[in-house]
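K.L.:
For what it's worth, my numbering labels the leading residue of the sequence shown as 150, then goes sequentially.
Even glycine gets a Cβ: it sits at the ideal position worked out from N, Cα and C.
Remember, it's a predicted structure, so these values are computed and weren't measured experimentally.
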Amino acid sequence: MFIRKTADQALNLRNFLVVVLVNFGVQYLAFRYLRIFGIAPDLTLLFVLFLSLSFSGTIGLLSALALGLYQDILFHSTIGGHSIVYLIVAYLASRFLAERTEFNISAVLLYSVYFSLFFSIVYQAICAPAWGITLLWKPIAFSTYNSLWSLPAFYFYRRELV
150 MFIRKTADQA
160 LNLRNFLVVV
170 LVNFGVQYLA
180 FRYLRIFGIA
190 PDLTLLFVLF
200 LSLSFSGTIG
210 LLSALALGLY
220 QDILFHSTIG
230 GHSIVYLIVA
240 YLASRFLAER
250 TEFNISAVLL
260 YSVYFSLFFS
270 IVYQAICAPA
280 WGITLLWKPI
290 AFSTYNSLWS
300 LPAFYFYRRE
310 LV
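Below you can see the structure in the form of structure tokens.
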């Protein structure tokens with residue numbers, strides 16, 4: 150069970166930086182070999198979702214902006230695409246779900262499926278529209294595959310940050 154922290158209960162900066170480095174390392178070194186139909190899980194999205202649901206809204210929003218820009222600058226050609234969608238996800242999660250959330254396996258899977266599907270559709274619409282058959286199956290495949298990784302990811306985040 151997760152307990153939402155307030156703004157005065159700050160993150161441990163050292164643990165936060167370690168989690169960010171491990172997150173990006175696993176995502177870009179290991180997950181490129183674990184692609185299914187060209188789809189790799191997005192651990193940064195899961196991390197933003199975890200922060201938005203577990204800590205204050207400010208921490209989730211600032212982390213979404215910083216991690217999205219970092220990801221765009223280092224790994225993608227469109228600057229701001231991930232950060233915009235991460236900000237929307239962080240806002241929606243912290244605004245509408247965080248006060249009512251008691252985490253268990255089904256809640257983690259449900260939230261990760263929902264927000265992964267939302268992220269995939271909005272990101273395709275904003276940055277790289279691939280209209281046609283891709284628009285139908287790729288967001289569903291991404292949200293399913295990403296949600297399978299949400300349980301070990303949330304366990305790691307909770308162990309290190311909460």
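Check this for me: beta carbons of Ser299 and Leu246, under 8 Å apart or not?
P.N.:
No, they are not a contact pair.
K.L.:
So, Val221 versus Gly230, is the Cβ gap smaller than 8 Å?
P.N.:
It is Asp, not Val, that sits at residue 221 in the sequence shown. Taking 8 Å as the Cβ cut-off, Asp221 and Gly230 qualify as a contacting pair.
K.L.:
Note the first and the last residue of the continuous alpha helix (DSSP H) segment covering Asn164.
P.N.:
Leu162 to Gly174 is the extent of the alpha helix (DSSP H) around Asn164.
K.L.:
Mind checking whether Tyr260 and Leu198 have CB atoms under 8 Å apart?
P.N.:
Cβ distance < 8 Å, so Tyr260 and Leu198 count as in contact.
K.L.:
Okay, do the segment 202 to 219 and the segment 178 to 190 touch, 3+ Cβ pairs below 8 Å being the bar?
P.N.:
Because the criterion of three Cβ pairs below 8 Å is not met, the segment 202 to 219 and the segment 178 to 190 do not touch.
K.L.:
Cβ atoms of Ile188 and Phe303: under 8 Å apart, would you say?
P.N.:
Taking 8 Å as the Cβ cut-off, Phe303 and Ile188 do not qualify as a contacting pair.
K.L.:
Does the distance from the CB of Ser243 to the CB of Val311 come in under 8 Å?
P.N.:
Cβ distance not < 8 Å, so Ser243 and Val311 don't count as in contact.
K.L.:
What are the residues that DSSP puts in a beta bridge with Ile188?
P.N.:
For Ile188, which the question treats as bridged, DSSP gives the partners Ile185.
K.L.:
Can you tell me which of Leu160, Ile275, Arg184 and Tyr294 puts its alpha carbon nearest to the alpha carbon of Tyr235?
P.N.:
When each option's Cα is compared against that of Tyr235, the closest is Ile275.
K.L.:
Hey, quick one: how far does the alpha helix (DSSP H) through Ala213 stretch, first residue to last?
P.N.:
It spans Gly206 to Phe224 - the alpha helix (DSSP H) in which Ala213 sits, taken as one unbroken run.
K.L.:
How many Å lie between Arg307 and Leu160 at the Cα?
P.N.:
If I take the Cα positions, the gap works out to 12 Å.
K.L.:
I need the boundaries of the alpha helix (DSSP H) containing Gly230, first residue and last residue.
P.N.:
Looking at the DSSP string, the run of the alpha helix (DSSP H) that includes Gly230 is Gly230 to Leu241.
K.L.:
For Leu266, which residues of its own chain have a beta-carbon under 6 Å away from its beta-carbon, when the five flanking residues on both sides are left out?
P.N.:
Result list for Leu266: Pro288 and Ser292, in chain order.
K.L.:
Does the Cβ of Ile185 have 16 or more other Cβ atoms within 10 Å, making it buried, or fewer, making it exposed?
P.N.:
With fewer than 16 other Cβ atoms within 10 Å, it is exposed.
K.L.:
Measure the alpha-carbon distance for Phe224 versus Phe268 and round it to whole angstroms.
P.N.:
Between Phe224 and Phe268, the C-alpha separation is close to 17 Å.
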